[in-house]
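Each number in this note's numbering corresponds to the 1-based position in the sequence shown with 46 added.
Note that the Cβ used here is the ideal one computed from N, Cα and C, for glycine as well.
Report on the structure given below.
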Amino acid sequence: MTEVTLFRRVVVPDPARVALCRRSPELGPRILFFSGGTALRETSQALIEYTHNSIHLITPFDSGGSSAILRRYFGMPAVGDLRNRLMALADRSLHGYPEIYELFAHRLPKTAPDHELWGTLNALADGTHPLIRQVQNPMRRIIRRHLRAFAARVDSCFDLRGASIGNLILASGYLEDGRHMDPIVYLYSRLIQARGEVRLIANVDGHLRAQLQNGRTVLGQHQLTGKEAAPLESPIENLELVDANGHPMEVALRSKITRLITGADLICYPIGSFYTSVLANLLPQGVGNTIAAAGCPKIFTPNPGPDPETVGLTLRDQIQTLLRYACPPGAAPTQVLNFVLLDPAGTYAGRTEAIELCRSFSIDVLEIPFLTHKRRADPHRLCHIFVSLAR
């Protein structure tokens, strides 16, 4: 066989391509997202109407909330964003889906005494709690087994306040499978019939450390997002991976992730937290080279509104920063970025300068409406754009 490269002109959004994907989502394009957090949840939920083959590479570096407790106790990757994306891609027509979703999303109270928290966990594990009783077998048996295994691994000092039941289930499966995340993700993907593939970008216990322009160093994702700590007062100068002791980490890209990236039909740097969700995915060694080698279009969708992580950065700055992290030495910018998607009504600081920068790199700026009247991203409009651009 001979491999050739084809070029085609497309209309974006392309009504015919959108209609085709809607008719046969099981044959839809392999759209890959470097993502994390919840900003892409609604788009992911909409995407299953157009393709069942999307790929979601999720950051495992969250260091806040109940994830921090699991990570400190077991020395493991964060699983909260993984859980969120799995449930977003679940087949909502599946019998018993509402009950499964309710269980996975349930959090234990933050103010209840320890004996009540442990009582709830034990009731879930032994099958007597209402939340587990309404889940059908075989899912119920599997969940109970993982919760029993989790309870056996921790002592009475483990802090269950605010714990996500879904996180406990995934953490238990990770530990039971020899600290490998893929088997438990695969199992629950099959059980909930997830219409897409979800993977951690790296199966490591790593943390984010940022150097700010004012010289201050910030350790931990939860200190960067502006949600659990005060917003940053200075732009981020550099982002790196470190271990739990603050020592720099060199994380190699796994071969299975390399295959997912090179096999994609469209690579998306989507809306979401710019540093902790998008750029953090580019930190493992080999990501940039793999993106550059992928023969599909690549698109960046900047946040059309405020993002606490981009304080002091214009749109031009964001594009330059994305290229700095994604583009390997010797590669052309167009090997890692072909399109920048802007809404004509969006608020982008330095829009004109950013467009000029893109032109100098032969990167196309697509000014296509995708915001609602409330100035939020419309999930279906984004999906229409993405499936139209996929090769």
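Around G252, the same chain offers P106, F107, P123, L287, V288, D289, M295 and V297 as residues with beta carbons nearer than 8 Å, after the five sequence neighbours per side are excluded.
In this structure, I77 lies near F432, with their beta-carbon atoms less than 7 Å apart.
Contact fails between the segment 226 to 240 and the segment 304 to 312, because fewer than three Cβ pairs, one in each stretch, are under 8 Å apart. For E145, the enclosing alpha helix (DSSP H) covers residues Y143 to A151. Where R117 is concerned, the enclosing alpha helix (DSSP H) starts and stops at G111 to F120. Fully contained in the segment 52 to 91 are the following alpha helix (DSSP H) runs of length 4 or more, in chain order: 61 to 69. Counting only the Cα atoms, S81 lies some 5 Å from S323. Taking a C-beta distance under 7 Å as the contact criterion, L299 and V250 do not qualify as a contact pair. When beta bridges are read from the DSSP output, S210 appears opposite R153. For K344, the enclosing beta strand (DSSP E) covers residues K344 to F346.
In its chain, beyond the 5 residues on either side, R63, S434 and L435 have a beta carbon closer than 8 Å to the beta carbon of V56. Going by DSSP, Y315 is part of the beta strand (DSSP E) stretching over L312 to Y315. Counting only residues of its own chain and dropping the five nearest sequence neighbours on each side, E274 has a CB closer than 6 Å to the CB of G110 and H268. Sixteen is the threshold: when 16 or more other Cβ atoms of the shown chains lie within 10 Å of the Cβ of M133, as they do, the residue is buried. Per DSSP, D172 is one residue of the alpha helix (DSSP H) stretching across D160 to D172. In this chain, H253 is not harboured by any alpha helix (DSSP H); it is covered by the beta strand (DSSP E) spanning H253 to L258. For T263, the enclosing beta strand (DSSP E) stretches over residues T263 to L265. For the pair E222 and Q180, the CB atoms are not nearer than the 7 Å cut-off. When T89, V244, E283 and S112 are compared, the shortest CA-CA separation from L368 is found for E283. Three or more Cβ pairs closer than 8 Å define a contact, and the segment 413 to 431 falls short of that threshold against the segment 370 to 377.
Counting of Cβ neighbours within 10 angstroms places P277 among the exposed residues, the total staying below 16. I365 has no beta-bridge partner at all, per DSSP.
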